[in-house]
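Novice:
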Amino acid sequence: MEIIRTRDFRRIFQNKYVIFMGDSNMRSIYKDFILLLQKNDPINDSDRKAGGNKESICGDILLEGGIYKNLASGIEYEEKRVFMANIFLVKFIFLTR
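41 is the number of the first residue of the sequence shown in this note's numbering; add one for each residue after it.
(1) Using the rule of at least 16 other Cβ atoms within 10 Å of the residue's Cβ for burial, across every protein chain shown, is Lys79 buried or exposed?
(2) Could you please give me the residues that DSSP links to Phe134 through a beta bridge?
(3) Spatial neighbours of Phe73 within its chain, please: C-beta separation below 8 angstroms, excluding the five flanking residues on both sides.
(4) To the nearest angstrom, how far is the alpha carbon of Tyr108 from that of Thr46?
(5) My assumption, with CB atoms under 8 angstroms, is that Gly105 sits in contact with Glu119. Please give the rounded CB distance.
(6) Could you check where the alpha helix (DSSP H) with Arg50 kicks off and where it finishes?
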């Protein structure tokens, strides 16, 4: 099986806008995605386990929800994140239903 490298990943997604919408499983995919844009190293345990309770995960920014609204879980939970770099824009929106 061939492994994708950061340089290939960057070439594919440069000047693209990518949005992830979903639950905590999709948040994990989002974190892997933005980390692969930055480096070939695997995600560390603290970032892997972090949800909306951190202002920054893997270099992104928490825009809304999570710790800013003192929400932990439930159908009221909100979280919006963005990762911006020179030629990349990646967003994550947490959906409960």
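We put the CB at the ideal spot given by N, CA and C, even for glycine.
Specialist: Checking against the coordinates, here is how it stands:
(1) By the neighbour-count rule (16 or more Cβ atoms within 10 Å), Lys79 is not buried but exposed.
(2) Gly62
(3) Val58, Phe60 and Val130
(4) Rounded to the nearest whole angstrom, the CA to CA distance from Tyr108 to Thr46 is 32 angstroms.
(5) Going by Cβ atoms, the distance from Gly105 to Glu119 rounds to 4 angstroms, so yes, they are a contact pair.
(6) Thr46 to Phe53
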